[in-house]
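My numbering puts the first residue of the sequence shown at 1, with every later residue one more than the last.
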Amino acid sequence: MASIHVESVLSELDSDLKRALEATIKKEFPEAEFNRNALYRAFVKQARKKCSTWEQVSDGSVRK
Numbered sequence: 001m002a003s004i005h006v007e008s009v010l011s012e013l014d015s016d017l018k019r020a021l022e023a024t025i026k027k028e029f030p031e032a033e034f035n036r037n038a039l040y041r042a043f044v045k046q047a048r049k050k051c052s053t054w055e056q057v058s059d060g061s062v063r064k
């Protein structure tokens, strides 16, 4: 098992995750109006609440 620092991973993937969330909302809720940055901030806030600071992942999920 490997440990990942969740907040660091979210920070590293920031721009990709913002685009993915935006595309998902637009596809699933085409009439919805939202701010991409506000949506991502809310997502990160919930991830911090739901995940531990350090999460265990299988060794196959990381490559060094």
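Even for Gly, the Cβ is constructed at its ideal location relative to N, Cα and C.
What whole-angstrom Cβ distance do residue i and residue j have, given they're in contact under 8 Å?
i     : j     : result
Ala20 : Ser61 : Incorrect: roughly 18 Å between the Cβ atoms, too far for contact.
DSSP on residue i, reduced to helix/strand/coil?
i     : result
Glu31 : coil
Val9  : helix
Val62 : coil
Ser52 : coil
Leaving aside the five residues before and after residue i along the sequence, list all residues of the same chain whose C-beta is less than 8 Å from its C-beta, in chain order.
i     : result
Val6  : Ala47, Arg48, Cys51, Ser52, Thr53, Trp54 and Glu55
Phe43 : Leu17 and Leu21
Leu10 : Leu17, Val44 and Ala47
Asp14 : Tyr40
Asn37 : Lys18
If you drop the 5 nearest sequence neighbours on each side, which residues of the same chain put their C-beta closer than 7 Å to that of residue i?
i     : result
Tyr40 : Leu17, Lys18 and Leu21
For residue i, would you say it is in contact with chain D, using Cβ-to-Cβ distances shorter than 8 Å as the test?
i     : result
Ala23 : Within the model displayed, chain D is absent; a lone protein chain is all it includes.
Enumerate in chain order the residues of its own chain whose CB-to-CB distance from residue i is below 6 Å, with the five nearest sequence positions on each side excluded.
i     : result
Lys27 : none
At least 3 beta-carbon pairs within less than 8 Å: the segment 26-34 vs the segment 46-63: As far as the Cβ criterion goes, the segment 26-34 does not touch the segment 46-63, which means the pair count is below three.
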